[in-house]
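A.B. asks: Residue numbers for the sequence shown follow this note's numbering, beginning at 217 and rising by one.
Every residue, glycine too, gets a C-beta built ideally from N, C-alpha and C.
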Amino acid sequence: MAEDRVEQPDRELTVLFVCTGNMHRSVLAERLLAPKLPAARVRSAGTEADGRVGMDPATRSVLRQLGAEGGEFASRRLTAELVAGSDLVLGMEREHREAAVRLSPGSLRRCFTLKEFLRLDGDADRRGAVAPVPPAADGIADPWGQSYDVLRACAEELDRLTADVAVLLRA
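(1) CB-CB under 7 Å to residue 221, same chain, minus the five flanking residues each way: which ones, in chain order?
(2) Secondary structure at residue 278, three-state DSSP: helix, strand or coil?
(3) Report the residue from 374, 266, 244 and 309 whose alpha carbon sits nearest the alpha carbon of residue 290.
(4) Run through DSSP, which three-state label would residue 328 get?
(5) Could you tell me the distance, in whole angstroms, from the CA atom of residue 302 to the CA atom of residue 286?
(6) Which residues in the same chain as residue 367 place their Cβ atom closer than 8 Å to its Cβ, once the five residues preceding and following it in sequence are excluded?
(7) What does DSSP give as the partner residue(s) for residue 232 in the beta ladder?
(8) Around the Cβ of residue 365, are there at least 16 other Cβ atoms within 10 angstroms (buried) or fewer (exposed)?
Given below as structure tokens:
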């Protein structure tokens, strides 16, 4: 990824966030990262999205509270083209990363969970000395069908994580 940017400095970095329905987590991450990394193209998609659903009103409300814009939105299904056309694909859970890799096997080295991506950067100097991480530790809980407080907590977590991603990608 960093090598791509060095070789193609005028090329816009594309980040794709993936969740299940493209209604909460990936949308939140997309809309929270975009203003933190204005030079990048930030998108989102869902492994089970149908493309007909607009932004959930609760998600829009949480974004406003965090100072981000909801804007126009329609859910989008994850496709091989979206994955292959992205410099970095960040799933909310391991199953989302795996779905992206199944669609575009050549993108394997650019697909991570959001937490895994940040953890690997922190662990890069300690390669081989880091204990395995349980699958659940790499996931961001799905707020679908949960209370507004759960959605808000998810959004706050994603706000912190996307801030870290922005710092890392600007480095």
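C.D. replies: The answer reads as follows:
(1) Interpretation of residue 221 is limited by its pLDDT of 38, a score under 50 that renders its predicted location unreliable; no figure is taken from the coordinates.
(2) For residue 278, the three-state secondary structure derived from DSSP is helix.
(3) 266
(4) strand
(5) Residue 302 and residue 286: Cα-Cα distance of roughly 22 Å.
(6) 240, 274, 275, 278 and 359
(7) 259 and 305
(8) Sixteen is the threshold: since fewer than 16 other Cβ atoms of the shown chains lie within 10 Å of the Cβ of residue 365, the residue is exposed.
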